[in-house]
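Chains A and B, in that order, are what the protein sequence lines are. Taking the UniProt record's numbering, the leading residue of the first sequence gets 1, the next gets one more, and so forth. Taking the UniProt record's numbering, the leading residue of the second sequence gets 1, the next gets one more, and so forth. For glycine and all other residues, C-beta sits at the position ideal for the given N, C-alpha and C. Just so it is clear, the structure is predicted and the values come from calculations on it, not from any experiment.
2 protein chains.
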Amino acid sequence: MAVKLNLDKLDFQIIQEMMENAEISYADLGKKLFVSGGTIHVRIKKLQELGVVKGTKLSVDLKLLGYDVIAFIGIFLEKSSLYDTVAKELRKIPEIVRLNYTTGNYSMFAEVVCKDIQQLRYILHDELQKIKGIERTETLISLEESFARNVLVIS
Amino acid sequence: MAVKLNLDKLDFQIIQEMMENAEISYADLGKKLFVSGGTIHVRIKKLQELGVVKGTKLSVDLKLLGYDVIAFIGIFLEKSSLYDTVAKELRKIPEIVRLNYTTGNYSMFAEVVCKDIQQLRYILHDELQKIKGIERTETLISLEESFARNVLVIS
DNA sequence: ATTGAAAGAGTCTCAGT
DNA sequence: ACTGAGACTCTTTCAAT
Numbered sequence: 001m002a003v004k005l006n007l008d009k010l011d012f013q014i015i016q017e018m019m020e021n022a023e024i025s026y027a028d029l030g031k032k033l034f035v036s037g038g039t040i041h042v043r044i045k046k047l048q049e050l051g052v053v054k055g056t057k058l059s060v061d062l063k064l065l066g067y068d069v070i071a072f073i074g075i076f077l078e079k080s081s082l083y084d085t086v087a088k089e090l091r092k093i094p095e096i097v098r099l100n101y102t103t104g105n106y107s108m109f110a111e112v113v114c115k116d117i118q119q120l121r122y123i124l125h126d127e128l129q130k131i132k133g134i135e136r137t138e139t140l141i142s143l144e145e146s147f148a149r150n151v152l153v154i155s
Numbered sequence: 001m002a003v004k005l006n007l008d009k010l011d012f013q014i015i016q017e018m019m020e021n022a023e024i025s026y027a028d029l030g031k032k033l034f035v036s037g038g039t040i041h042v043r044i045k046k047l048q049e050l051g052v053v054k055g056t057k058l059s060v061d062l063k064l065l066g067y068d069v070i071a072f073i074g075i076f077l078e079k080s081s082l083y084d085t086v087a088k089e090l091r092k093i094p095e096i097v098r099l100n101y102t103t104g105n106y107s108m109f110a111e112v113v114c115k116d117i118q119q120l121r122y123i124l125h126d127e128l129q130k131i132k133g134i135e136r137t138e139t140l141i142s143l144e145e146s147f148a149r150n151v152l153v154i155s
């Protein structure tokens, strides 16, 4: 349940703009949104205090860094009560960048970023097989990312 | 295939640090990595020119903004040649934040961020049903995100 | 709540090493 | 290739509205 935050259109505009580009200066963002740089500063400070804004992250080109393979792994557990212990083991594999506990076809759903198919194979056959509680897995290898973008927070 | 970039340990350390926190000053990051702020500056400029660093993005708390539901949608296509036209239609749905063309169980795999289960139902039953070429879909609703983190680029 | 201006902090350039 | 210092830009604070 979202707490009542009382954000207005300007707050959402700032969030939307900076989700895409957090480097823009307050003065420039103010110009774009027709307020002063000081107002942008006040709003961002408020959003940070509210916990809505958590920080900024560098956006990198993973392919250029040699991470050519993105895959998703659907995980079937022997018992769903094993969730926490399996999650703890999966966290130890650095190539697993995200793990969700899900309803539907799988019990858990993981995203993996790795250098090549050989490394993916190693993770699937050697690392995952060792973890007690995993019944079986299904792998989806991403052949292409059609798009990746931020959610639209402006009505 | 990754082009030969000739990045050294310091480059990777800078990337690793700033993937998590891009707000740190060059002086502070320099202290942490035992070089001058000027050196950090030179390296980041180089990484930007190489295209490895693409920019910085605001990190926000989606739950606080009222986006309580994250789901994954596996999509089966009638014919895999319909990929581009279906992708084009899916891009028009702003709640779909990511779309991958995949091998494995599904033809395409989407991630959705929405306000509540009612909105998810609307997307699944009204918006996706209208798109020609989708045979059927399978939905995984995230009950909990165990973790989400950046890939480890340091050897 | 917004603004503009002053103070403080960070970035960027460059000459020296 | 790294450093430190100066010039420049941006952030932050604050008094006025």
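Review point. With 8 Å set as the bound, which would you pick, yes or no: does the beta-carbon of Ile15/A sit closer than that to a beta-carbon of chain B?
Key: Ile15/A belongs to the set of residues whose beta carbon lies under 8 Å from a beta carbon in chain B.
Practice item. Indicate whether Val151/A and Val153/B have their beta-carbon atoms separated by less than 8 Å. Key: It is not a contact, given that the beta carbons lie outside the stated cut-off.
Review point. Closer than 8 Å, CB to CB, is Asn6/A near chain B or not?
Key: Cβ-Cβ to chain B under 8 Å: no for Asn6/A.
Practice item. Please name the residue, chosen from Arg43/A, Thr139/A, Ser36/A, that lies closest to Gly104/B on a Cα-to-Cα basis. Key: Ranking the options by Cα distance to Gly104/B, first place goes to Thr139/A.
Review point. Straight-line CA distance for Ile141/B to Ser36/B?
Key: Ile141/B and Ser36/B: Cα-Cα distance of roughly 47 Å.
Check your understanding: With burial defined as no fewer than 16 other Cβ atoms inside 10 Å of the residue's Cβ, what is the status of Gly51/A: buried or exposed?
Key -> Around the beta carbon of Gly51/A, a 10 Å sphere encloses fewer than 16 other beta carbons of the protein chains shown; the residue is thus reported as exposed.
Point to revise | Alpha-carbon to alpha-carbon, Lys4/B and His41/A | key: Each residue's alpha carbon lies about 41 Å from the other.
Review point. Does DSSP classify Ser25/A as helix, strand or coil?
Key: Taken through DSSP and simplified to helix, strand or coil, Ser25/A comes out as coil.
Exercise for review: Between the Cα of Asp116/A and those of Asp84/A, Glu20/A, Asp8/A, Leu64/A, spot the shortest distance and give me the residue it belongs to.
Suggested key: Selected option, being the one with the closest Cα: Leu64/A.
Exercise for review: Check whether the stretch 5-16 of chain B touches the stretch 115-130 of chain A, taking contact to mean three or more Cβ pairs, one atom from each stretch, closer than 8 Å.
Suggested key: The stretch 5-16 of chain B vs the stretch 115-130 of chain A: no contact.
Practice item. Identify, in the order they occur along the chain, each residue of the same chain with its Cβ nearer than 6 Å to the Cβ of Val16/B, setting aside the five sequence neighbours on each side. Key: For the sequence presented, residue 16/B should be read as Gln rather than Val. Counting only residues of its own chain and dropping the five nearest sequence neighbours on each side, Gln16/B has a CB closer than 6 Å to the CB of Val153, Ile154.
Practice item. Could you spell out the range, first to last residue, of the beta strand (DSSP E) harbouring Ile73/A? Key: Boundaries of the beta strand (DSSP E) harbouring Ile73/A: 69-77, taken from the DSSP string.
Exercise for review: Answer with buried or exposed for Arg43/B, where buried requires no fewer than 16 other C-beta atoms within 10 angstroms of its C-beta.
Suggested key: When all chains shown are included, Arg43/B counts as buried.
Check your understanding: Can you name the residues of chain A whose CB is closer than 9 Å to the CB of Leu50/B?
Key -> Simply Asp61, Leu64.
Check your understanding: Taking Cβ to Cβ, would you say Gly74/A is nearer than 8 Å to Asn21/B?
Key -> Contact flag unset, no.
Check your understanding: Does DSSP classify Arg149/A as helix, strand or coil?
Key -> Three-state DSSP puts Arg149/A in coil, outside helix and strand.
Check your understanding: Quick one: which chain A residues come within Cβ less than 8 Å of Thr102/B?
Key -> Going along chain A in sequence order, the residues near Thr102/B (Cβ under 8 Å) are Phe72, Leu140, Ile141, Ser142, Leu143.
Check your understanding: Ordered along the chain, which non-local residues of its own chain (more than five positions away) have a Cβ less than 8 Å from that of Ser87/A?
Key -> Sequence check: residue 87/A is Ala here, not Ser. Within the same chain, Cβ atoms closer than 8 Å to the Cβ of Ala87/A are found at Leu99, Tyr101, Met108, the five residues on either side in sequence being excluded.
Practice item. Measure the alpha-carbon distance for Asp68/A versus Glu144/A and round it to whole angstroms. Key: Approximately 11 Å between the Cα atoms of the pair.
Point to revise | Beta-carbon proximity list for Leu82/A, same chain, < 7 Å, skipping 5 on both sides | key: Only residues of its own chain outside the window of five on either side were considered, and among them Gly133 have a CB closer than 7 Å to the CB of Leu82/A, listed in chain order.
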